[in-house]
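Numbered by the working numbering, the letters in the sequence shown go through residues 1397 to 1583 in order.
A virtual CB, placed ideally from N, CA and C, is assigned to each residue, including glycine.
Just so we're clear, the structure is a prediction, and the values are computed from it rather than from any experiment.
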Amino acid sequence: IVQHAEQTTSRSVGGVVITVPVGATPSLRQALQDAASMARVPLLGLVHAPAAAALYLGTTIMGKAGATDASQQQLHVIYDAGASGCSATLVALSTSANGQPQIEVKALYKAPEASGKPVLSAWEIDRRVAGLLAAKWAQRHPQAPKLVPGRAMNRLLAEAQRVKQILSANTETVATIEEFEGELTLS
């Protein structure tokens, strides 16, 4: 990554900031520090992913969002659905008297790892959306054979992932899989 960045920009990389998931273990943190050291780039810091998102909000959105003084504090929830779990961070953004963005992490929630119970992870969201699509399919095509793991289910999960990504920025979408089962189309 460092070589690619240097080749692309024709400049040397002076340091890196690495994002880590909420609840990163000390051993993971140490491994990331070691990786930066092996890459021979100064590690400027390890930042929780929600904190990195808060910094982005503070540096790019604050000027556009209309907060002009500390009395116009904005609250944002940063939701991070990773492959194996999720977290939510409540961040307060305001502008100081001298016009500088101020960022304060108000609260952090990490979904507990529950044995035997699904954690609401990115994978679990995909699975649930695929389940909704399968239920609609069965409702519209009661004579069709029951869906079993295989090509149809893989296509269903891929469409569920696409739908989830669209819904992260929009309030509605349409799911369509051409020739989903035989010549029948799921829509």
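Determine the closest residue to A1449 out of P1422, S1483, A1530, with distance taken between C-alpha atoms.
Checking every option, the nearest Cα to that of A1449 belongs to S1483.
With H, G and I counted as helix, E and B as strand and the rest as coil, what does DSSP make of P1538?
coil
Contact defined as beta carbons within less than 8 Å: I believe T1572 pairs with I1562. What is the distance between those atoms, to the nearest angstrom?
By a beta-carbon distance limit of 8 Å, T1572 does not contact I1562. Their separation comes to about 12 Å.
For L1552, which of S1583, Q1498, N1566 has the nearest alpha-carbon?
Proximity to L1552 across S1583, Q1498, N1566 peaks at S1583, based on C-alpha coordinates.
Closest residue to V1443 among Q1469, A1435, V1413 (Cα-Cα distance):
Among Q1469, A1435, V1413, the Cα nearest to that of V1443 belongs to V1413.
Pick from W1519, K1542, H1537 that is closest to A1554, judged by C-alpha positions:
W1519
Please say whether G1411 and L1451 have beta carbons closer to each other than 7 Å?
G1411 is positioned such that its CB atom lies no closer than 7 Å to that of L1451.
Simplified DSSP state of Q1498, which is helix, strand or coil:
strand
Helix, strand or coil for Q1470 per DSSP?
Strand.
Going by C-alpha to C-alpha distance, which of N1494, E1500, G1495 sits closest to Q1470?
In this structure, E1500 is the residue among N1494, E1500, G1495 with its C-alpha nearest to the C-alpha of Q1470.
Along the chain, where does the beta strand (DSSP E) containing G1575 start, and where does it finish?
For the sequence presented, residue 1575 should be read as Glu rather than Gly. Where E1575 is concerned, the enclosing beta strand (DSSP E) stretches over 1573–1577.
If we call anything under 7 Å between Cβ atoms a contact, is A1591 one with V1398?
Missing from the structure shown is residue 1591; the chain here goes from 1397 to 1583 and no further.
Residue span of the alpha helix (DSSP H) that contains T1404, given as start and end
1398–1405
Limits of the unbroken alpha helix (DSSP H) element including V1559:
1547–1563
With distances taken from CA atoms, which of H1400, K1532, T1415, L1486 is nearest A1445?
T1415
Same chain only: Cβ atoms within 8 Å of P1541, ignoring 5 sequence neighbours per side
E1577
Does the separation of the CB atoms of A1556 and V1525 fall below 7 Å?
Yes, the Cβ-Cβ distance between A1556 and V1525 is below 7 Å.
Taking V1437 as the reference, which of R1558, P1422, A1401 has the closest Cα?
A1401
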